[in-house]
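Chemist: Let me begin by handing over the structure; questions about it come next.
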Amino acid sequence: MSTTTQTVRDTIELTTIEKSIFDRLLATLRHFQLQTQLRVAGGWVRDKLLGKDCYDIDIALDNMMGTEFVDKVREYLLSIGEDAQGVCVIESNPDQSKHLETARMRLFDMWIDFVNLRSEEYAENSRIPSKQTFGTAEEDAYRRDLTINSLFYNINTDAVEDFTKRGISDLKSGKIVTPLPPKTTFIDDPLRVLRAIRFGARFDFTLDEDLKVAAACDDVKNALAAKISRERIGTEIDLMISGNQPVKAITYICELTLFWTVFTLPAEYEPVISDGCDRYMS
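Under UniProt numbering, the residue at position 32 of the sequence shown is numbered 32, and the numbers go up by one with no gaps.
Following this line, the structure appears as structure tokens:
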């Protein structure tokens with residue numbers, strides 16, 4: 001359990017390379033007279049506010065697709081005698097948590113991902129959104145897994161944006177909370193249960209009580225078993241085990257009675273549980 005208040009910076013301090021990247025992006029807006037808002041989303045904002053280095057920059061665009069904007073950036077760079085070090089498009093692949101096509105560009109030796117802001121609706125039997133549309137920054141923030149991952153850094157205004165009104169406070173108090181009611185969030189995409197556990201362990205944050213109740217309920221367990229492939233579950237477990245708090249992560253899985261949902265055995269096998277361990281794996 002997190003017992004101390006986290007030190008969270010009031011502003012984002014850019015490195016020299018980050019400033020150079022963002023300067024080129026803003027210059028592209030001016031060059032083409034674009035009215036687009038550029039926002040860095042998610043983990044980069046969280047880590048920068050915690051004073052940690054982060055090299056994973058995802059930029060959300062409010063009124064155009066990522067591929068369109070990357071084309072504009074490349075055209076601008078060529079006009080000033082520069083060029084991107086690499087450009088590619090990552091096709092949507094929901095099984096790998098890529099629900100939208102993503103444009104990727106390498107600038108100053110860093111890969112930057114570009115995607116549009118979005119809102120989503122989910123079918124009952126799938127974690128793959130059944131409907132995706134351009135969304136507002138607020139809608140995009142609320143569709144994210146956790147409040148600490150819902151923060152934006154607006155490149156245009158050089159400001160951190162907390163549309164859920166909880167991201168910064170939860171970061172300071174060390175809490176793992178979902179932007180929307182946790183049961184709704186987890187049933188829409190049950191992989192978020194494992195992400196909540198992974199981030200809780202990684203940062204030594206406290207899992208919200210409502211989140212724990214939702215994660216342990218049968219509806220969410222059934223959704224996790226039905227909607228998420230073993231491969232995706234395995235990927236999350238690998239990240240937990242290779243992280244800085246593997247024991248805490250597995251302890252969370254046991255405390256939330258998710259052990260046999262996550263570590264499913266083939267039907268022909270019977271588990272052998274050591275004396276005293278059954279209470280953790282019920």
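Positions of the beta carbon are idealized from the N, C-alpha and C atoms, including for glycine.
With a threshold of 16 other CB atoms inside 10 Å of the CB of residue 91, please say whether the residue is buried or exposed.
Modeler: exposed
Chemist: Using the beta-carbon count (16 or more within 10 Å), is residue 287 buried or exposed?
Modeler: Residue 287 lies beyond the range of the chain shown here (1 to 282); nothing can be said about it.
Chemist: Does DSSP put residue 188 in a helix, in a strand, or in coil?
Modeler: helix
Chemist: So the beta strand (DSSP E) residue 240 belongs to, where does it begin and stop?
Modeler: Taken as a continuous stretch (DSSP letters only), residue 240 belongs to no beta strand (DSSP E), being part of the alpha helix (DSSP H) at 230-241.
Chemist: Are the beta-carbon atoms of residue 186 and residue 220 separated by less than 8 angstroms?
Modeler: yes
Chemist: Thinking just about the alpha-carbon of each residue, which of 47, 74, 32 and 111 is nearest to the one in residue 160?
Modeler: 47
Chemist: Output yes or no for whether 8 angstroms exceeds the beta carbon distance between residue 107 and residue 24.
Modeler: yes
Chemist: Could you compute how far the alpha carbon of residue 172 sits from the alpha carbon of residue 10?
Modeler: 11 angstroms
Chemist: If you run the structure through DSSP and keep just helix, strand and coil, what is residue 67?
Modeler: helix
Chemist: Is the separation between the beta-carbon of residue 150 and that of residue 179 shorter than 8 angstroms?
Modeler: yes
Chemist: Whose C-alpha, out of 205, 184 and 114, is nearest the C-alpha of residue 145?
Modeler: With distances taken between Cα atoms, residue 145 lies closest to 184.
Chemist: Roughly how many angstroms lie between the CA atoms of residue 77 and residue 255, to the nearest whole one?
Modeler: 53 angstroms
Chemist: For a quick check, are the C-beta atoms of residue 156 and residue 38 less than 8 angstroms apart?
Modeler: The criterion of a C-beta distance shorter than 8 angstroms is satisfied by residue 156 and residue 38.
Chemist: Quick one: Cα of residue 58 to Cα of residue 113, how far?
Modeler: 5 angstroms
Chemist: Among 175, 218, 117 and 65, whose alpha-carbon lies nearest the alpha-carbon of residue 198?
Modeler: Cα-wise, what sits closest to residue 198 is 175.
Chemist: Grab the span of the alpha helix (DSSP H) containing residue 170 for me, first residue to last.
Modeler: 167-173
Chemist: Which partner residues does residue 88 have in the DSSP bridge list?
Modeler: 104
Chemist: With distances taken Cα to Cα, identify the nearest neighbour of residue 41 among 86, 143 and 35.
Modeler: Comparing Cα-Cα distances from residue 41 to each of 86, 143 and 35, the minimum goes to 143.
Chemist: Considering only their Cβ atoms, is the gap separating residue 102 from residue 340 smaller than 8 angstroms?
Modeler: It is not possible to answer for residue 340, since the shown part of the chain is limited to 1 through 282.
Chemist: Using the beta-carbon count (16 or more within 10 Å), is residue 234 buried or exposed?
Modeler: exposed
Chemist: Suppose you measure from the CA of residue 33 to the CA of residue 205; what does that come to, to the nearest Å?
Modeler: 43 angstroms
Chemist: Can you grab the Cα-Cα spacing for the pair residue 45 / residue 60, in whole Å?
Modeler: 12 angstroms
Chemist: Let me know the secondary structure DSSP gives residue 80 once reduced to three states.
Modeler: coil
Chemist: Name, in chain order, the residues that DSSP records as bridge partners for residue 161.
Modeler: 152
Chemist: Along the chain, where does the beta strand (DSSP E) containing residue 38 start, and where does it finish?
Modeler: 38-41
Chemist: How many Å lie between residue 249 and residue 241 at the Cα?
Modeler: The straight-line gap from Cα to Cα measures roughly 8 angstroms.
Chemist: Among the candidates 62, 52 and 147, whose CA atom is the shortest distance from the CA of residue 207?
Modeler: 147
Chemist: Determine, using beta carbons only, whether residue 70 and residue 105 come nearer to each other than 8 angstroms.
Modeler: yes
Chemist: Once DSSP output is grouped into helix, strand and coil, what is the label at residue 26?
Modeler: helix
Chemist: Since residue 115 is in the beta strand (DSSP E), which residue starts that stretch and which ends it?
Modeler: 110-116
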